[in-house]
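Below is one structure, written out as C-alpha cells, with a few remarks after it.
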C-alpha cells in the first residue's frame, strides 16, 4: 500500500482499511460561479459582488447532455448567488424537463432585489426545492456573519416564500442552513431545529421544512477570519473525528461540477482547487458515470470538518 497523502487519509485508512472511495452518484452538485450580492465571512468560495467567474452556456449545455442520460438524481445548484447567473432560468427549465429533483441554494436577500423578485414564483412553478442560508435566528449574530441589514431582508424573504407555499406545504420544501459564528462545532441539529422553529414562529410567523447544520471549513474566507486561531480550530476538528460519519460523507455519493466544467469531489475541494483524481475524467466533457461513481476521493486537512462531531455535509449533520 502506498504512503498516505495526508493526516485525514491516514485516519480514514485506520478505520476502513482502504482509501476513501465514491459509492454512487446520487447527487450532481453544480457551482454556477462566485458572483454574489453578499460577502459573508464564512464563505468557502469567497463569493462577492466583485467576483466575475460564472459558468458559460456551452458548459451548461455539456451538463444537460450528461444529466439527460442519467437516472433520476438530485441536482444541487449553488454559487455564489445562482439567481445572478444570466442563464439560470433557461438552465432550470431544461433540468426540470429531464425529471430530476432540483434543489437550489439561495442567500434569501437576492429575492428582494427588484431585478430578481420574480424568482420565488419561478421556483414554485418549476417545483424547485430551496435551501436557504440563515445562520441564526438572532439579528446580531447574522449581522456579524453576513453584514448589516441581511437579517431583516432574510426574514422578509422567508415571509414571501411562506406566503406562496414554501415551508408550509409538502410539495415546496424550504430548508434553512445554520453556520456557527465562532470557530466551534455546530450544536446537535434536531435540538437547534426545534429552537429555530419556536423562535421564528413566535417572532416572525415563519415556518420551514427542516434545518441543517454546517461546520465552517478552514478554507476560503473563514480561513482568513481564523488567522492565528487556525491551529486551535484544526485541533478541535481532528480531536472530534467521528468514524460513524464515514459511510455518509457527501463525497461518497456525489460529484461536483465547477463553473468552468472541472470536476471535484465536493464544493470544498473546489474552493481548495483540488479536482478529482487524475485517474478519472476531470472535466464535464469527458464525464463517465461508471468510472466517476467508483473513483478514489482526494482529501485534505479541511476534510476533518466533515467528520467532526455529528458530521457535516451540504445536507447537514451525518449522524
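Numbering (the numbering used here), first residue to last: 7 to 325.
We treat Cβ as the ideally placed atom computed from N, Cα and C, and that holds for glycine.
All values derive from a computational prediction rather than experimental measurement.
Of 142, 30 and 165, the smallest CA-CA separation from residue 78 is found for 30.
Going by DSSP, residue 29 is part of no beta strand (DSSP E) at all; its letter is neither H nor E.
Taking all protein chains shown into account, residue 22 has fewer than 16 neighbouring C-beta atoms within 10 Å of its C-beta and is therefore exposed. Distances from the alpha-carbon of residue 174 to those of 149, 196, 59 and 215 put 215 closest.
Residue 15 sits away from residue 285, with the two beta carbons spaced by 7 Å or more. If you draw a straight line from the Cα of residue 210 to the Cα of residue 157, it comes to about 12 Å. With respect to the 7 Å criterion, residue 95 and residue 122 are not classified as neighbours on the basis of their beta carbons. Approximately 17 Å separates the beta-carbon atoms of residue 141 and residue 167; this is outside 8 Å, ruling out the contact. Taking 7 Å as the cut-off, the Cβ atoms of residue 163 and residue 226 do not count as close.
Every alpha helix (DSSP H) stretch that sits fully inside the segment 233-310 and reaches 4 residues is listed by chain position as 236-245, 273-277 and 295-298.
For residue 16, the enclosing alpha helix (DSSP H) stretches over residues 13-22.
For the pair residue 69 and residue 290, the CB atoms are nearer than the 7 Å cut-off. Taking the Cα of residue 298 as reference, the smallest distance to any Cα among 50, 24 and 72 is reached at 72.
By the Cβ rule, the segment 256-265 does not count as touching the segment 230-241, because fewer than three pairs are nearer than 8 Å. Under DSSP, no beta-bridge partner is assigned to residue 94. Between the C-alpha atoms of residue 153 and residue 46 there is a straight-line separation of about 7 Å. In this structure, the alpha-carbon of residue 253 lies about 44 Å from that of residue 120. Burial check for residue 144: the Cβ neighbour count within 10 Å stays below 16, so the residue is exposed. In chain order, 51, 53, 57, 59 and 86 place their CB closer than 6 Å to the CB of residue 40, counting only its own chain and leaving out the 5 sequence neighbours on each side.
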